[in-house]
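Undergrad:
There are 2 protein chains.
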Amino acid sequence: MLELAILGLLQEAPMHGYELRKELTAKLGAIRAAISYGSLYPTLRRLQAVGWITEAAETPATAEEVPALTSRRGRVVYTITAEGKERFAQLIAQAGPETYDDTGFGVHFAFFARTDQATRLRILEGRRRKIEERREGLRDVLGRAAERLDAYTLELQRHGLDACEREVRWLEELIANERSGRAPTVPEPGTAGGRRDDNSPPPPGESRKERP
Amino acid sequence: MLELAILGLLQEAPMHGYELRKELTAKLGAIRAAISYGSLYPTLRRLQAVGWITEAAETPATAEEVPALTSRRGRVVYTITAEGKERFAQLIAQAGPETYDDTGFGVHFAFFARTDQATRLRILEGRRRKIEERREGLRDVLGRAAERLDAYTLELQRHGLDACEREVRWLEELIANERSGRAPTVPEPGTAGGRRDDNSPPPPGESRKERP
DNA sequence: GTGCGATGTATCGGTCCGATACATCGCGGC
DNA sequence: GCCGCGATGTATCGGACCGATACATCGCAC
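Each protein sequence line maps, in turn, to chains A and B. For the first sequence, our numbering assigns the number 91 to the initial residue and increments by one for each residue that follows. For the second sequence, our numbering assigns the number 91 to the initial residue and increments by one for each residue that follows.
(1) Measuring alpha carbon to alpha carbon, tell me which residue in A:Lys117, A:Gln247, A:Arg218 is nearest A:Asp230.
(2) To which residues does DSSP link A:Thr169 through a beta bridge?
(3) Less than 8 Å separating the beta-carbons of B:Thr144 and B:Thr115?
(4) For the alpha helix (DSSP H) that contains B:Asp192, what are its first and last residues?
(5) What first and last residue would you give for the alpha helix (DSSP H) that runs through A:Arg269?
(6) At 9 Å on the CB atoms, spell out the chain A contacts of B:Lys112, in chain order.
(7) Report back the beta-carbon spacing between B:Ala119 and A:Leu261 to the nearest angstrom; my notes put them in contact at under 8 Å.
(8) In the DSSP output, what is A:Met105 paired with across the bridge?
(9) Taking only beta-carbon atoms, is A:Glu278 less than 8 Å away from chain B?
(10) Taking the straight line between their C-alpha atoms, what separation do you get for B:Glu84 and A:Arg122?
(11) From the beta carbon of B:Asp206, is the nearest beta carbon of chain A less than 8 Å away?
(12) Mark A:Gln207 as exposed unless 16 or more other C-beta atoms lie within 10 angstroms of its C-beta, in which case mark it buried.
(13) Answer yes or no: do B:Leu99 and B:Val197 have a C-beta to C-beta separation smaller than 8 Å?
(14) With distances taken from CA atoms, which of A:Arg217, A:Val167, A:Arg224, A:Asp191 is nearest A:Met105?
(15) Under 8 Å, do B:Glu268 and B:Leu181 count as touching if we go by C-beta distance?
(16) Along chain B, in chain order, which residues have C-beta atoms closer than 7 Å to that of A:Phe199?
(17) Please name the residue, chosen from A:Arg238, A:Arg219, A:Glu215, that lies closest to A:Ala266 on a Cα-to-Cα basis.
(18) Going straight from the alpha carbon of B:Gln138 to that of B:Arg256, what length do you get?
(19) Closest to A:Gly173 by CA distance: which of A:Gly164, A:Gln101, A:Gly141 is it?
(20) So that I know if they touch, is there some Cβ in chain B lying closer than 8 Å to that of A:Glu211?
(21) Any C-beta of chain A within less than 8 Å: which residues of the segment 220–238 of chain B qualify?
(22) Could you tell me if B:Lys175 is buried or exposed, where buried requires 16 or more neighbouring beta carbons within 10 angstroms of its beta carbon?
(23) So, does the CB of A:Gly194 fall closer than 8 Å to a CB anywhere in chain B?
(24) So what's B:Ile182 in DSSP terms, helix, strand or just coil?
See the structure below:
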């Protein structure tokens, strides 16, 4: 999951670790707290080792002035490679069971703008199915096993059931929107010619991203 | 967290691993999918090693009839020890930072019936504070960084924000109930006379819950 | 001029998951 | 009679991710 998120973010712009973490937190803030460096750095190392990304130590031209004096540790900027982009496309298109758990779905959803519509639909429906199953499980417990559980546990289940029902409704809306060919909900009136930039494939349009 | 949950469940009745997992799933179904055996068995091993629980191989009296014939692997029933009960009480009363994340809060909440009111209040308020922080983070992103993000990511944040607001409201209600001395929501009319088997300590009065 | 919070890279131990393996039991179908 | 098959049951292993910790630099307020 982390691999997918890193590859996705680096596709928008090269970044160093700290920045990556901040962007990750901003993009995924809704589904997970904050990625740990204890996960981030080893993963970056791994991705670099297999060649999906490359590392370039930042030497801001003044580096030669003080070479060994303080041994300035420059920031390490990571850039995605062509192989990395391929890998990203492959990861984003294939949906395994882990695609539908809370974190997996969140990450996939966060990169829906780079996902083709058929895959988006498949993932939304898979997620809906999974949440419906969880919902049924909770209903069962609240129905059949209610007297075995104390009031607090029951309240927890009720709250969970409510969250499930709400998410299913949310997913229904998204699926309906998807089928009608529209973006999630008011994508922005003047995004570009209306909408034709929502997937990465065409090399020309590459990675349009605000860089003010 | 798993340690706390196991200790809590075994306080209700001795159980073997499989049963423990089922009960765990029923009790915590609202907050996490299903506990893995890859976590469960090693943890049981560990708890047994330090003496919080004891293991008793089930030999149902007929065991001696076919001793070495099929080498029947009996179910291993775990029982909580006095030290284990102490440990549970200690874990349930102390609230660290991990008490307020999704899983930690869920587990603590699931055992609120065995938690004194002051601690319940403290945990509910800590959780509320944490969710409020997450909510503010999402509002910031939706406000300040909205134009940097695509429509799908924004939709994800909106959904997350909605969930936060909803949970805060839920917590407010629970806190208000707690302060007024009532149980979460209709705890059952005859909790005292109707059923009093919900804790194991045969020794008189030990850790009482409701304060009617 | 000095402390202090933000920026920045990195490791280590520990928790938990997912896949996998293997054995028993009861039951329905053939 | 027996065969498969799903539920019950115990167990391990590699890997993902976290939380704590360490350490260094930078800019700025006091």
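Cβ atoms here follow ideal geometry from the backbone N, Cα and C, with glycine treated the same way.
TA: Taking the coordinates as given:
(1) Numbered from its first residue, the first sequence carries residue 230 of chain A at position 140. Checked all of A:Lys117, A:Gln247, A:Arg218; the closest Cα to A:Asp230 is A:Gln247.
(2) Along the first sequence, read from residue 1 onward, the residue named residue 169 of chain A stands at position 79. Bridge partners of A:Thr169: A:Thr144.
(3) Working through the second sequence from its first residue, we reach residue 144 of chain B at position 54. Working through the second sequence from its first residue, we reach residue 115 of chain B at position 25. Going by C-beta atoms, B:Thr144 is not nearer than 8 Å to B:Thr115.
(4) The count along the second sequence starts at 1 and reaches residue 192 of chain B at position 102. Run containing B:Asp192: 192–200, per the alpha helix (DSSP H) assignment.
(5) Here residue 269 of chain A is taken as the residue at index 179 of the first sequence, counted from 1. Unbroken alpha helix (DSSP H) run through A:Arg269: 241–269.
(6) Locating residue 112 of chain B in the second sequence gives position 22, counting from the first residue. Those do not exist, as B:Lys112 stays about 11 Å from chain A at its closest Cβ, beyond 9 Å.
(7) Position 29 of the second sequence holds residue 119 of chain B. Position 171 of the first sequence holds residue 261 of chain A. Reading the sequence as shown, one finds Gly at residue 119 of chain B and not Ala. With a Cβ gap of about 20 Å, B:Gly119 and A:Leu261 do not count as contacting.
(8) Stepping through the first sequence from its first residue, residue 105 of chain A is reached at position 15. Bridge partners of A:Met105: A:Tyr168.
(9) Taking the first sequence and counting its residues from 1, the one referred to as residue 278 of chain A is at position 188. Since pLDDT at A:Glu278 reaches only 45, below the 50 mark, its modelled position is unreliable, and no value is offered.
(10) What is shown of chain B runs 91 to 302, which leaves residue 84 of chain B out entirely.
(11) Locating residue 206 of chain B in the second sequence gives position 116, counting from the first residue. With 8 Å as the cut-off, B:Asp206 does not count as an interface residue toward chain A.
(12) Your numbering for residue 207 of chain A matches position 117 in the first sequence. Its Cβ having fewer than 16 others within 10 Å, A:Gln207 is exposed.
(13) As a first step, residue 99 of chain B must be located in the second sequence, where it is residue number 9. As a first step, residue 197 of chain B must be located in the second sequence, where it is residue number 107. Going by C-beta atoms, B:Leu99 is not nearer than 8 Å to B:Val197.
(14) In the first sequence, residue 105 of chain A corresponds to position 15, counting from 1. The candidate whose alpha carbon is nearest that of A:Met105 is A:Val167.
(15) Your numbering for residue 268 of chain B matches position 178 in the second sequence. Your numbering for residue 181 of chain B matches position 91 in the second sequence. Not a contact, by the Cβ cut-off of 8 Å.
(16) The residue labelled residue 199 of chain A in the question sits at position 109 within the first sequence. The contacting residues are Tyr242, Leu246.
(17) Counted from its first residue, the first sequence places residue 266 of chain A at position 176. For the options A:Arg238, A:Arg219, A:Glu215, the alpha carbon positioned closest to that of A:Ala266 is the one of A:Glu215.
(18) What you label residue 138 of chain B is simply residue 48 of the second sequence in a count that begins at 1. What you label residue 256 of chain B is simply residue 166 of the second sequence in a count that begins at 1. Their backbone Cα atoms lie some 40 Å apart in a straight line.
(19) Here residue 173 of chain A refers to the residue found at position 83 of the first sequence. Looking at the sequence shown, residue 173 of chain A is not Gly but Glu. Closest by alpha carbon: A:Gly141.
(20) Numbered from 1 along the first sequence, position 121 holds the residue referred to as residue 211 of chain A. Just to set this straight, residue 211 of chain A is Leu in the shown sequence, not Glu. No, no contact with chain B.
(21) Arg224, Gly227, Leu228, Val231, Ala235, Glu237, Arg238
(22) Here residue 175 of chain B refers to the residue found at position 85 when the second sequence is read from its first residue. B:Lys175 is buried by the Cβ-count criterion.
(23) Sequence index remark: in the first sequence, residue 194 of chain A carries index 104 (1-based). Closer than 8 Å: no.
(24) Locating residue 182 of chain B in the second sequence gives position 92, counting from the first residue. Note: B:Ile182 maps to helix in three-state DSSP.
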